[in-house]
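**Q** Numbering follows this note's numbering, in which position 13 of the sequence shown is assigned residue number 985; successive positions increment by one, without gaps.
Just so you know, even glycine gets a beta-carbon here, dropped at the ideal spot from N, CA and C.
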Amino acid sequence: MKCELTEISKTGIQTYRLENDNGMVAEVITYGARISKLVYQGIDVVAGFDDPEGFRGDNPYFNAVIGRFANRIGNASFTLNGKEYPLYKNDGNNHLHGGKEGFDRKIWKATVVGNCSVRMDYVSCDGEEGYPGNLCVSVTYSLDNEDALCIRYRAVSDKDTVCSLTNHAYFNLSGTFDTALHHELTIRADQVTAIDNELIPHGEIVDIKGTALDFTIPKLIGKDIQNDDTLLKLGNGYDFNYIRNNDTEEPIATAFCADSGIAMDVYTDRPCVQLFTGNFLDGVRGKQVYGFRSAFCLETQGYPNACNVPSFPSCVLRAGEEFRSYTAYLFRKP
Ligand code: G6D
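1. Per DSSP, which one or two residues make a beta bridge with Ala1082?
2. Can you check whether the CB of Gly1250 is closer than 8 Å to the CB of Arg1265?
3. I need the boundaries of the beta strand (DSSP E) containing Leu1121, first residue and last residue.
4. May I ask which residues mark the beginning and end of the beta strand (DSSP E) holding Lys1061?
5. Count the other CB atoms, across all protein chains shown, that sit within 10 Å of the CB of Ile1172; report buried if there are 16 or more and exposed otherwise.
6. With H, G and I counted as helix, E and B as strand and the rest as coil, what does DSSP make of Arg1077?
7. Return the residue from the list Tyr1239, Phe1252, Ser1283, Gln1273 that minimises the CA-CA distance to Tyr1301.
8. Would you say the region 1221-1228 touches the region 993-1009, given that touching needs at least three Cβ pairs under 8 Å?
9. Whole beta strand (DSSP E) runs in the region 1094-1180 with 3 or more residues, listed along the chain?
10. Which residues share a DSSP beta bridge with Met1236?
11. Does the beta carbon of His1069 fall short of 7 Å from some heavy atom of the ligand G6D?
12. Do the CB positions of Leu1247 and Ala1267 come within less than 8 Å of each other?
13. Relative to the C-alpha of Asn1053, which candidate in Asn1087, Asp1132, Arg1044, Ile1123 has its C-alpha closest?
14. If you drop the 5 nearest sequence neighbours on each side, which residues of the same chain put their C-beta closer than 6 Å to that of Arg1304?
15. Could you check the C-alpha separation between Arg1290 and Val1134 for me, to the nearest Å?
16. Based on DSSP bridge pairs, tell me the residues matched to Tyr988.
17. Hey, how far is the Cα of Gln1273 from the Cα of Val1011?
18. Suppose you measure from the CA of Ala1036 to the CA of Arg1006; what does that come to, to the nearest Å?
19. Within a Cβ cutoff of 6 Å, which residues of the same chain sit near Leu1121, ignoring the five residues on either side of it in sequence?
20. For Pro1104, is the classification buried or exposed, using 16 other Cβ atoms within 10 angstroms of its Cβ as the cut-off for buried?
21. On a CA-only basis, which of Pro1306, Gly1207, Val1128, Gln1013 is nearest Asp1093? Give me that one, please.
22. May I ask you to check if the CB of Asp1030 is nearer than 7 Å to at least one heavy atom of the ligand G6D?
23. Quick check: does the Cβ of Leu1247 come within less than 7 Å of any heavy atom belonging to the ligand G6D?
24. Would you decide whether Lys1078 is buried or exposed? Buried here means 16 or more other CB atoms lie within 10 Å of its CB.
25. Taking Gly1074 as the reference, give the member of Asn1139, Ile1167, Val1017 with the closest Cα.
26. Tell me the DSSP secondary structure of Cys1287 in three-state form.
27. Please list, in chain order, all residues of the same chain as Tyr1125 whose beta carbon is under 6 Å from its beta carbon, the five residues on each side excluded.
28. Per DSSP, which one or two residues make a beta bridge with Cys1269?
29. Would Val1245 and Gly1175 be called neighbours here (beta carbons separated by less than 8 Å)?
30. Would you tell me roughly how many angstroms separate the C-alpha atoms of Cys1269 and Leu1145, rounded to the nearest one?
31. With 16 as the cutoff for other CB atoms within 10 Å, does Glu1100 come out buried or exposed?
32. Quick one: measure Cβ to Cβ for Thr983 and Glu1025, integer angstroms, because I've assumed they're closer than 8 Å.
33. Quick check: what's the CA-CA separation for Asp1030 versus Phe1212?
34. If you check the beta carbons only, do Arg1216 and Arg1257 fall under 8 Å apart?
35. For Ala1230, count neighbouring Cβ atoms within 10 angstroms of its own Cβ and tell me buried if that reaches 16, exposed if not.
36. Under 7 Å Cβ to Cβ from Glu1170, same chain only, skipping five residues before and after it: list those, please.
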């Protein structure tokens, strides 16, 4: 097992390469604390760019750590302790994925912390993107000999604030990024948070068993994606927040590609996962060309818009308390 600095780009983006004893490789970069490569049995399963500088260009959050608040905040504002905090409107009337320049566009400080682990640190200053509190964030990537990439999040603020972090990895387990629709997917969730026409949840939770959104029984992502379903039309495909069923021992989701024989289990302590089927990919050129629905995302997260929906579990991080979360993507060949 090893973890080492392998590249510094022309603008100073560092690449750290993690390799386990099975030859599985993960590469992470200091720009957005992004995963730039994830190679399992010779197949790179994440989108991205060969040159780390490519991530600075136009791409929808490729494999980046997302924050201070992952997903949407309605009306680009929230009230905390009686004070309103206006945020940047980067998604119509709403705030998405941390705003104009979220954590995905920041330079993080890397530290090798183990024989196959690297920690990325960033300090989000009080008032950055409108959020209160100096928030110190650490994201540690580890690769183990079970062929799991584990991501551990830690954050602490000197003022009450809101915090919900995730990684926005774009996956395709086939070896190409032609389409994500041929992946068999399981999401162990009977419910999603309903959304309005701006994809904002307001508290309604809907049962999706037996509908096009139901993945409690494994099915191809493409099986029902074109169904005449109101939510699917709102999302232009799958773009929904799934609320995990109670059993936290099981993976919240599992993806499988018959072409490659690769399965990916997603374990997390988070209550939710956003399934996004790359509905806005439009041919961005990277390691491959990434077209419409050529990749899928499983972003583990707290409840979207939770800072405005009292019935949702809170996303408030009190001064001095620690935000802690983990997500692990485990790869295997069943
Ligand atoms: C769209 O609604 C989706 C988000 O879920 C996704 O993260 C983004 O595109 C890339 O806004």
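**A** Taking the definition as stated:
1. As a first step, residue 1082 is located in the sequence shown; it is residue number 110 there, counting from the start. Answer is Met1092, bridged to Ala1082.
2. As a first step, residue 1265 is located in the sequence shown; it is residue number 293 there, counting from the start. As a first step, residue 1250 is located in the sequence shown; it is residue number 278 there, counting from the start. Their beta carbons are under 8 Å apart, which means Arg1265 touches Gly1250 by this criterion.
3. In the sequence shown, the residue the question calls residue 1121 occupies position 149. Where Leu1121 is concerned, the enclosing beta strand (DSSP E) stretches over 1120-1129.
4. Stepping through the sequence shown from its first residue, residue 1061 is reached at position 89. Neither: Lys1061 is in no beta strand (DSSP E) and is coded neither H nor E.
5. The sequence position of residue 1172 within the sequence shown is 200, counting from 1. When all chains shown are included, Ile1172 counts as buried.
6. Position 105 of the sequence shown, counted from the start, is the residue given in the question as residue 1077. Correct three-state label for Arg1077: helix.
7. Numbered from its first residue, the sequence shown carries residue 1301 at position 329. Looking at the Cα atoms, Tyr1239 is the closest of the given residues.
8. no
9. 1107-1115, 1120-1129, 1156-1159, 1163-1165, 1177-1179
10. Locating residue 1236 in the sequence shown gives position 264, where the first residue counts as 1. Answer is Ala1227, Phe1303, bridged to Met1236.
11. Here the question's residue 1069 lines up with position 97 in the sequence shown. His1069: yes, Cβ under 7 Å from the ligand G6D.
12. Looking up residue 1247 in the sequence shown gives position 275. Looking up residue 1267 in the sequence shown gives position 295. Taking 8 Å as the Cβ cut-off, Leu1247 and Ala1267 do not qualify as a contacting pair.
13. Stepping through the sequence shown from its first residue, residue 1053 is reached at position 81. Nearest C-alpha to Asn1053: Asp1132.
14. Taking the first residue of the sequence shown as position 1, residue 1304 is located at position 332. The residues are Ala1235.
15. Taking the sequence shown and counting its residues from 1, one reaches residue 1290 at position 318. Taking the sequence shown and counting its residues from 1, one reaches residue 1134 at position 162. Arg1290 and Val1134: Cα-Cα distance of roughly 8 Å.
16. One-based indexing of the sequence shown puts residue 988 at position 16. Partner(s): Leu977, Val1000.
17. The count along the sequence shown starts at 1 and reaches residue 1273 at position 301. The count along the sequence shown starts at 1 and reaches residue 1011 at position 39. Gln1273 and Val1011: Cα-Cα distance of roughly 24 Å.
18. Position 64 of the sequence shown holds residue 1036. Position 34 of the sequence shown holds residue 1006. Spanning the two alpha carbons is a distance of roughly 4 Å.
19. In the sequence shown, the residue the question calls residue 1121 occupies position 149. The answer, listed in chain order, is Ala998, Leu1115, Tyr1301.
20. For the purposes of this step, residue 1104 is taken as residue 132 along the sequence shown, with counting starting at 1. Per the 10 Å Cβ criterion, buried.
21. Reading the sequence shown from its first residue, position 121 is the one you call residue 1093. Looking at the Cα atoms, Val1128 is the closest of the given residues.
22. Position 58 of the sequence shown, counted from the start, is the residue given in the question as residue 1030. Flag unset: Cβ of Asp1030 not near the ligand G6D.
23. Mapped onto the sequence shown, residue 1247 falls at position 275. Not under cutoff, so the answer is no.
24. The count along the sequence shown starts at 1 and reaches residue 1078 at position 106. Buried is the call here.
25. Counted from its first residue, the sequence shown places residue 1074 at position 102. Among Asn1139, Ile1167, Val1017, the Cα nearest to that of Gly1074 is on Asn1139.
26. Residue numbering aside, residue 1287 sits at position 315 when the sequence shown is read from its first letter. Note: Cys1287 maps to coil in three-state DSSP.
27. The count along the sequence shown starts at 1 and reaches residue 1125 at position 153. Only Val1111, Leu1137, Ser1297 meet the Cβ criterion.
28. Position 297 of the sequence shown holds residue 1269. Paired residue(s): Phe1248.
29. Your numbering for residue 1245 matches position 273 in the sequence shown. Your numbering for residue 1175 matches position 203 in the sequence shown. Contact flag unset, no.
30. Here residue 1269 corresponds to residue number 297 of the sequence shown, with the count starting at 1. Here residue 1145 corresponds to residue number 173 of the sequence shown, with the count starting at 1. The straight-line gap from Cα to Cα measures roughly 12 Å.
31. The residue you call residue 1100 lines up with position 128 of the sequence shown. Looking at its Cβ environment, which holds 16 or more other Cβ atoms inside 10 Å, Glu1100 is buried.
32. As a working note, residue 983 is residue 11 in the sequence shown. As a working note, residue 1025 is residue 53 in the sequence shown. With 8 Å as the limit, Thr983 and Glu1025 qualify as a contact, their Cβ atoms being about 6 Å apart.
33. On the sequence shown, residue 1030 is found 58 positions in, with the first residue counted as 1. On the sequence shown, residue 1212 is found 240 positions in, with the first residue counted as 1. Approximately 23 Å between the Cα atoms of the pair.
34. Locating residue 1216 in the sequence shown gives position 244, counting from the first residue. Locating residue 1257 in the sequence shown gives position 285, counting from the first residue. No, these two residues do not count as a Cβ contact at 8 Å.
35. Within the sequence shown, numbered from 1, the residue matching residue 1230 stands at position 258. By the 10 Å Cβ count, Ala1230 comes out exposed.
36. Counting from 1 along the sequence shown, the entry for residue 1170 is found at position 198. Cβ within range, chain order: Gly1064, Asn1065, Asn1066.
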